[in-house]
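Colleague: Sharing a structure with you now.
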Amino acid sequence: MTVSTGATSGGVEKADLVTLTIDGVEVSVPAGTLVIRAAEQAGIQIPRFCDHPLLAPVGACRQCLVDVPDAGNGRGFPKPQASCTIPVAEGMVVSTVNETATKAQNGIMEFLLINHPLDCPVCDKGGECPLQNQAMSNGRGESRFAESGGIKRTFPKPIHLSPNVLLDRERCIVCQRCTRFSDEIAGDPFIALIERGAQQQIGIAENAPFSSYFSGNTIQICPVGALTSEEYRFRSRPFDLVSTPGVTEHDSSGAAIRVDHRRGKVVRRLAGDDPEVNEEWITDKDRFGFAYLYGADRITYPQIREDGALRPASWLEAFEVAARGLAAAGGTGVLPGGRLTLEDARAYAAFARETLGTEDVDFRARPLSAEEVPFLDEHVRGTGLGVTYADLESAPVVVLAGLEPEDEAGTIFLRLRKSVRAGRTRVVALSPFTTRGLGKLSATVVPTAPGDEAAALSSLLGHADHGLDSRAVILVGERLATSPGALAAAADLAAKSGARLAWVPRRAGDRGAVEAGLLPGVGGRDADEIVRAVLSGEIGGLVVGGVDPDDTGDPAAFRAALDAAAFVVSLELRETDVTRAADVVLPVAAITDKAGTFVSWEGRERSFPQIFHNPQALTDARVLRGIADELGALGSRGLDTPSLVPREGYSTSDRVGNRLGGRAASASERLGGRVASASERIETPASERPFKLATWRLLLDNGALQQGDKALAATARPPVARLSAASIERLGTTVTVTGDRGSVTVPAEVADIADDVVWLPTSSTGRGLLADVASPGSRVEVTGA
Amino acid sequence: MTVVSTSSTNEGPLTPVLTANWADDRSWTLASYAAQGGYQALDKALGMSPDEVITAVKDSGLRGRGGAGFPTGMKWSFIPQDNPNPKYLVVNADESEPGTCKDIPLMMASPHTLVEGVIISSYAIRANRAFIYVRGEVLHVIRRLQAAVAEAYAAGHLGTNIHGSGYDLDLVVHAGAGAYICGEETALLDSLEGRRGQPRLRPPFPAVAGLYASPTVINNAESIASVPSIIENGADWFAGMGTEKSNGFGIFSLSGHVTRPGQYEAPLGITLRQLLDLAGGVREGHELKFWTPGGSSTPLFTAEHLDVPLDFESVGAAGSMLGTRALQIFDETVCVVRAVLRWTEFYKHESCGKCTPCREGTWWLVQVLGRLEKGQGSAEDLDLLLDQCDNILGRAFCALGDGATSPITSSIKYFRDEYLAHLEQGGCPFDPAKSSLFEEVLA
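Heads up: the sequence lines are chains A and B, in that order. 2 is the number of the first residue of the first sequence in our numbering; add one for each residue after it. 15 is the number of the first residue of the second sequence in our numbering; add one for each residue after it.
Following this line, the structure appears as structure tokens:
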């Protein structure tokens, strides 16, 4: 029998293939393949612990010993060999099951178990444990260690490596998967081996916990029950769980996750294995951020406002009240937010345009600019699968603008780091300072103050040493929108250099919303203009999806608009300032209660199935349909709402998209007569507010979807202001940053940042910078506190 | 430490070269070393091309003195000279093997011999930076070595433009931190780099990617210390000593129940019988019971091996290893079970923990041996021990695990009855005080 290597050999010349025999099966694999991988190709499973295909070989556990009677040169190895460390050779003969190999494997398994507590019945890993499974396949039924009166090494039970990750040292077999992951993949070597011999254990430095954005992956790849999370430990047994594949709702990465649930409740989430997207890794936010689903503030039934207070209502009543209210409001703006599935986004688009007949629709719940719309029209919408994760790995240069990958796109960060470490990719980043993440990417940082991105991008063209060519990739983050001219400069740079361009939004539904056309159409108002129109009384109605007022460009104005609006319909998951001000509150299905599709930053459609069948949970599309039906019954507009029904097999160039295609030019035209909102700021003399405010969100912050998991929150990086050494010298290590909206006082740390720039995390303090201090890029004052 | 030196004259089969000056007045000083012709070999070497030095060492047949016996010149020639990274010479002076005491007395008595060897060897492999990694516990040796290096710098033997040759070399004396495993060459490199000392996966071998991922030669201190004499006297002179495949001389360290313990420098191929004659025989009134040919990691020998030539091939053929020529002599008062238990405790204590068989195996071996010593357990435990050893030997990541099994398997091979006697008597049949060398214990 001959087994070819399938996909992996696709691009490999026949000459590069090496043929060897494993357990009598002839296998041809690319040169350099490890024997343990070659065996997998032949369908032969060699027991292993330390081996992990995405980590460098280490050969520590010795479980994968095999006999090599012929190394390909006619001579065999005198001793069993660790198949995870030896590469194949032409003509090599390997036995994984002969007497030598079996004795070696059984011997190692016996050793592994002598100091192991064998507490499978009370261990979280029991039932999905490689040690347990392989002890059954390669171990002996009785313990000679116990029979010989052996005394196990013991440790006090678990210790915290971080607020989130606990270590049971007795169960640990020191395979080093966790330390290798943290070092090689995440770049956070905060855990390491300490002590030696049987006392060897995983440890942390004093006062330096394992606070990595990616720490949860170590729990997943631990081949025993040594690492557990605060959130899952003792909660369930693996065999009681039902697993459903999913896609993260926390960012635009499209990362595959596995949702494990029991009795209608999510118990834990794991990284899905998707080599094209997230490989086997996810961020801790993707993994642990699901407690929000079970908060006390979840809305579980429709409510309508009566005599100034919200009261429960039936769906039918709520739909009817909403329809009547909107019909009477006199013009309605639609703010669907960026968390929608593509299907729900398309329903919103149809609801706004066809049912309400308005072009006042905008998904952007964040600081925005008018110049963003033509950019999205031209370079994002309808472009399908563009730059991919694989492209990041093959690009010799990746330019980052308005994007701090570790904080804002963890999955992109890991892929970039992999490529940088392999020596394939160099990262050039426009950033106000060298962040920890950029440091881990060995990035070439082009120091860029807020607002200077356009000039910085243009300057890259002149630098031959940056090597921008058609293989290069430019990643622009969504926050580049508020930097005047920056998006256009990025597009220009791409056009002139031939580099490929990709837009990386923050939220899972952002790209889908662009595809669905949730942007103001001809004559339409954008989100900021909708707010102003409500305040000026031009329109009276608001339909608001998952929008947090504090995320918007001007939180105070947004709140005022909520109060000023004649009629507000809120489609929400949980109580917010919007629901508290709304006239009708309609609960919508959580991510677990509906099937759907997120479009990732790549333009990749990531569909996920429904997990729970909750008759109470209606999708946004179904809720909008309900309102539309009532509007139709009122004889109002929009009787024809066929696109509100989610359809199978949509494409990004469907009817809605095509219809909006004509909008690009007119949107560009509009730009001429309008000023970008970013430049609408009232300019304060530099002498009064000498600092420019740079900001972005940390991966873990006060975001709404992270609430409810204290252990996760405790691993967040503490909010600090980043200032130059000269500034800190002058101002001290605690500073107050004051903008046109208020001030915040935080500790300050030195960064290689310009003397007139201060960086603050967007949403880690109070109600967030936008509400409490100023908008990004504006001028602020920094004083010692 | 007793240096019963072989210094006096070239008596009998001894060949004092490295040890020749040990009994000199203040032998560790540059003045004393120079008075004996020290650093003249360096001049000679600098007059040769680096490749000629490598060829001379190759032709001499010098094999690594750290135990494995790999040809030193061949190791040097593996250094890829087209590699753009700097080349390094690292001297392994982390002498920690139970019974082994040759490098430490050498560095104590004549550190300049080693320093001169380092300079010549570095020149040969075109290294401009060399390191001597010394066992951390021997602070007195470290100080003496550091003083010698300082003297050598002051005299122009180290630093820039050495002896006007245009060749530059910096030499760093680095102290270990108390781990036997750091004598394993790749663990030593990790330790030298400031990391946790654990063996590295090979390949890449140190010759290609060693210290700081650069081409690196790691040699035992005695190997490097032998180089000046080879340059001075010629490869043929060196190759003329010893046996056909084990050329030259080596320091044999006799310890334990021997009348005059110490370092005896002799051609490879000498026998223990000859060495014992030189050392005044086994402790008076006693007879040889068992001995280690090369430290505790080499399988035990008994009186029947007194005439085994102590060279790499003959010792191997007799079922053990030449190792570091650490000849620990035990007379009939010693309980072999007790001795083996002590060694095994050492390996358990020193196992780095990286690989399963060594980490867990030594933990278990100690427990089984401990019970046997107390007369507990059964005869089947001997088979259990042998099976455990079989599961460690050749399965561990590095040689430490293999070494841990040597005393156990060899002692059961030769002294199975003695193990059984423990079980029959319900305890150790020996009086430990009788094996003591201290008068007060005996009294």
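Every residue, glycine too, gets a C-beta built ideally from N, C-alpha and C. Being a predicted model, the structure only gives us computed values, none of them experimental.
Examine chain A for any beta-carbon lying closer than 9 angstroms to the beta-carbon of Q439 (chain B), and answer yes or no.
Modeller: No, no contact with chain A.
Colleague: Indicate the three-state DSSP secondary structure (helix, strand or coil) for G1 (chain A) in the structure shown.
Modeller: Because chain A is modelled from 2 through 786, residue 1 (chain A) falls outside the range shown and cannot be assessed.
Colleague: Under three-state DSSP, which class holds G778 (chain A)?
Modeller: The answer is coil: DSSP assigns G778 (chain A) none of H, G, I, E or B.
Colleague: Can the beta-carbon of P85 (chain B) be found closer than 9 angstroms to that of K101 (chain B)?
Modeller: The answer is no: Cβ separation not under 9 angstroms.
Colleague: So H516 (chain A) packs on R382 (chain A), CB below 8 angstroms; how close in whole Å?
Modeller: Per the sequence shown, residue 516 (chain A) should be read as Glu rather than His. Confirmed, about 6 angstroms.
Colleague: Determine the chain A residues that contact S365 (chain B) at a beta-carbon separation under 9 angstroms, and present them in chain order.
Modeller: Per Cβ cutoff of 9 angstroms: R197, G198, A199 and Q201.
Colleague: Quick one: is A582 (chain A) near chain B, going by C-beta distance under 9 angstroms?
Modeller: Cβ-Cβ to chain B under 9 angstroms: no for A582 (chain A).
Colleague: Note down the Cα distance separating R149 (chain B) from Q212 (chain B), rounded to an integer number of angstroms.
Modeller: Using only the alpha carbons, I get a separation of about 16 angstroms.
Colleague: Anything in chain A within Cβ reach of R409 (chain B), meaning under 8 angstroms, just list it in chain order.
Modeller: Under the 8 angstroms cutoff, chain A gives R63, L66, K80, P81, A105, G108 and I109.
Colleague: Within 10 angstroms of its Cβ, does H614 (chain A) collect 16 or more other Cβ (buried), or is it exposed?
Modeller: Answer is exposed; the Cβ neighbour count stays below 16.
Colleague: With DSSP as the reference, please indicate the residues paired to T245 (chain A) in a beta bridge.
Modeller: Paired residue(s): A:V260.
Colleague: Contact check, R365 (chain A) vs A528 (chain A) under 8 angstroms by CB: the rounded distance?
Modeller: Confirmed, Cβ separation roughly 5 angstroms.
Colleague: What's the C-alpha gap between E364 (chain B) and T370 (chain B)?
Modeller: Computed Cα separation, rounded: 14 angstroms.
Colleague: I'd like to know if S149 (chain A) contacts chain B, where contact means its C-beta is closer than 9 angstroms to some C-beta of that chain.
Modeller: Closer than 9 angstroms: yes.
Colleague: Can you round the beta-carbon distance between G387 (chain A) and E606 (chain A) to whole angstroms, since I take them to be within the 8 angstroms contact cut?
Modeller: Wrong, their Cβ atoms sit about 13 angstroms apart, outside the cutoff.
Colleague: Would DSSP call P131 (chain A) helix, strand or coil?
Modeller: Helix.
Colleague: Output the distance between the C-alpha atoms of L132 (chain A) and D594 (chain A), rounded to the nearest integer angstrom.
Modeller: Roughly 35 angstroms between the two C-alpha positions.
Colleague: If you measure from the beta carbon of G60 (chain A) to each beta carbon in chain B, is any gap under 9 angstroms?
Modeller: With 9 angstroms as the cut-off, G60 (chain A) counts as an interface residue toward chain B.
Colleague: Please say whether V225 (chain A) and H117 (chain A) have beta carbons closer to each other than 9 angstroms?
Modeller: Yes; because the gap between Cβ atoms is below 9 angstroms, this pair is in contact.
Colleague: Ordered along the chain, which non-local residues of its own chain (more than five positions away) have a Cβ less than 8 angstroms from that of I45 (chain A)?
Modeller: The answer, listed in chain order, is I23, D24, V26 and T97.
Colleague: Identify which residue in A:I413, A:E454 and A:A455 has its Cα closest to the Cα of G438 (chain A).
Modeller: Minimum Cα distance to G438 (chain A) is reached at A:I413.
Colleague: If we call anything under 9 angstroms between Cβ atoms a contact, is F240 (chain A) one with R270 (chain A)?
Modeller: Contact flag unset, no.
Colleague: Going by beta carbon distance, what residues of the same chain come within less than 7 angstroms of W357 (chain B), once the five residues before and after it are set aside?
Modeller: Only P112, S310 and P421 meet the Cβ criterion.
Colleague: Can you tell me where the alpha helix (DSSP H) with V335 (chain A) in it begins and where it stops?
Modeller: Run containing V335 (chain A): none in the alpha helix (DSSP H); it sits in the beta strand (DSSP E), T333 to L336.
Colleague: Between A:F156, A:E207, A:I174 and A:Q221, which has its C-alpha nearest F182 (chain A)'s C-alpha?
Modeller: Selected option, being the one with the closest Cα: A:Q221.
Colleague: With three or more beta-carbon pairs closer than 8 angstroms as the criterion, would you say the stretch 317-330 of chain B touches the stretch 258-265 of chain B?
Modeller: At 8 angstroms Cβ cutoff, the stretches touch.
Colleague: Is the beta carbon of L194 (chain A) sitting closer than 9 angstroms to the one on I203 (chain A)?
Modeller: Yes.
Colleague: Would you verify that the beta carbon of P443 (chain B) is, or is not, closer than 9 angstroms to some beta carbon of chain A?
Modeller: Chain A, which has no Cβ nearer than 9 angstroms to the Cβ of P443 (chain B), makes this no.
Colleague: Is it the case that the Cβ atoms of G389 (chain B) and Q439 (chain B) are separated by a distance below 9 angstroms?
Modeller: The answer is yes: Cβ separation under 9 angstroms.
Colleague: Would you tell me roughly how many angstroms separate the C-alpha atoms of A144 (chain B) and G417 (chain B), rounded to the nearest one?
Modeller: Looking at the two C-alpha atoms, the distance is approximately 29 angstroms.
Colleague: Taking E381 (chain B) as the query, report the chain A residues whose CB atoms sit under 8 angstroms from its CB, ordered along the chain.
Modeller: Here residue 381 (chain B) turns out to be Gln, not Glu, going by the sequence shown. Per Cβ cutoff of 8 angstroms: S149, G150, G151 and I152.
Colleague: Within 10 angstroms of its Cβ, does S395 (chain A) collect 16 or more other Cβ (buried), or is it exposed?
Modeller: The residue in question, S395 (chain A), is exposed, as its Cβ has fewer than 16 Cβ neighbours within 10 Å.
Colleague: Assuming the contact rule is C-beta atoms closer than 8 angstroms, N234 (chain B) and R40 (chain B) should be a hit. Round their C-beta distance to whole Å, please.
Modeller: So it is not a contact: roughly 26 angstroms between Cβ atoms.
Colleague: Any idea which residues DSSP pairs S230 (chain A) with across the strands?
Modeller: DSSP, once it has assigned bridges, lists A:V166 as partnering S230 (chain A).
Colleague: Count the other CB atoms, across all protein chains shown, that sit within 10 Å of the CB of H271 (chain B); report buried if there are 16 or more and exposed otherwise.
Modeller: Label assigned to H271 (chain B): buried.
Colleague: Does the Cβ of Q202 (chain A) lie closer than 8 angstroms to at least one heavy atom of the ligand MG?
Modeller: Of ligands this structure carries none, so the ligand MG is not represented either.
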